[in-house]
(Lines of atoms letter the chains of each structure in order from A and count residues from 1; the text may use other names and numbers.)
(Lines give C-alpha, C1' and ligand atoms only; values in the text may rest on other atoms or scores of the structure.)
Protein backbone atom coordinates (compact mmCIF):
# COMPACT_ATOMS: atom_id res chain seq x y z
CA UNK A 1 0.00 0.00 0.00
CA UNK A 2 1.35 3.46 -0.87
CA UNK A 3 2.04 6.20 1.68
CA UNK A 4 -1.04 8.27 0.72
CA UNK A 5 -3.26 5.18 1.14
CA UNK A 6 -1.65 4.34 4.50
CA UNK A 7 -2.25 7.93 5.64
CA UNK A 8 -5.88 7.72 4.58
CA UNK A 9 -6.22 4.38 6.38
CA UNK A 10 -5.24 5.89 9.75
CA UNK A 11 -6.64 9.40 9.19
CA UNK A 12 -3.29 11.18 9.30
CA UNK A 13 -1.37 13.30 6.80
CA UNK A 14 0.78 11.66 4.17
CA UNK A 15 3.57 14.00 5.26
CA UNK A 16 3.60 12.38 8.71
CA UNK A 17 3.57 8.86 7.26
CA UNK A 18 6.36 9.75 4.82
CA UNK A 19 8.42 11.22 7.67
CA UNK A 20 7.95 8.04 9.70
CA UNK A 21 8.77 5.82 6.72
CA UNK A 22 12.02 7.67 5.98
CA UNK A 23 13.22 7.91 9.60
CA UNK A 24 15.69 5.05 10.24
CA UNK A 25 14.83 5.10 13.97
CA UNK A 26 11.25 4.01 13.18
CA UNK A 27 12.44 0.66 11.78
CA UNK A 28 10.30 0.53 8.65
CA UNK A 29 11.07 -2.31 6.22
CA UNK A 30 12.45 -1.56 2.79
CA UNK A 31 9.65 -0.56 0.42
CA UNK A 32 8.61 -2.63 -2.57
CA UNK A 33 8.27 -1.01 -5.99
CA UNK A 34 5.89 -2.35 -8.62
CA UNK A 35 7.35 -2.57 -12.14
CA UNK A 36 7.07 0.80 -13.87
CA UNK A 37 6.24 2.70 -10.66
CA UNK A 38 8.38 4.96 -8.52
CA UNK A 39 5.92 4.88 -5.59
CA UNK A 40 7.11 2.90 -2.58
CA UNK A 41 4.63 0.38 -1.20
CA UNK A 42 4.50 -1.25 2.22
CA UNK A 43 2.80 -4.37 3.56
CA UNK A 44 -0.53 -3.34 5.08
CA UNK A 45 -0.44 -6.09 7.72
CA UNK A 46 2.94 -4.88 8.93
CA UNK A 47 1.73 -1.27 8.92
CA UNK A 48 -1.41 -2.08 10.93
CA UNK A 49 0.69 -3.77 13.63
CA UNK A 50 3.27 -0.95 13.60
CA UNK A 51 0.55 1.71 13.90
CA UNK A 52 -1.25 -0.08 16.76
CA UNK A 53 2.02 -0.38 18.71
CA UNK A 54 2.91 3.24 17.98
CA UNK A 55 -0.48 4.51 19.14
CA UNK A 56 -0.37 2.36 22.29
CA UNK A 57 2.98 3.94 23.20
CA UNK A 58 1.74 7.52 22.96
CA UNK A 59 0.83 9.03 26.31
CA UNK A 60 -1.27 12.16 26.64
CA UNK A 61 0.56 14.84 28.57
CA UNK A 62 -0.92 16.60 31.56
CA UNK A 63 -1.96 20.19 31.04
CA UNK A 64 -0.11 22.52 33.41
CA UNK A 65 -1.03 25.96 32.13
CA UNK A 66 -4.20 26.05 34.26
CA UNK A 67 -2.55 25.00 37.53
CA UNK A 68 -2.59 27.64 40.23
CA UNK A 69 0.81 28.51 41.64
CA UNK A 70 1.32 27.53 45.25
CA UNK A 71 1.43 30.46 47.65
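In the numbering used here, the protein residues as written are 3 to 73. All C-beta atoms, glycine included, are put in the ideal place defined by N, C-alpha and C.
Please determine, among 63, 38, 32, the residue with the shortest C-alpha to C-alpha distance to residue 49.
Minimum Cα distance to residue 49 is reached at 32.
When we look at the beta-carbon of residue 60 and count the other beta-carbons within 10 Å, is it buried (16 or more) or exposed?
The residue is exposed, with fewer than 16 neighbouring Cβ atoms inside 10 Å.
Using the Cα positions of residue 44 and residue 30, report the straight-line distance between them to the nearest angstrom.
Cα to Cα, the separation comes out at about 9 Å.
Could you check whether residue 46 and residue 8 sit closer than 9 Å to each other, using their CB atoms as the reference points?
Yes, the pair counts as a contact, with Cβ atoms nearer than the cut-off.
Measuring only the C-alpha atoms, how far is residue 12 from residue 36?
Approximately 23 Å, taken between the alpha carbons.
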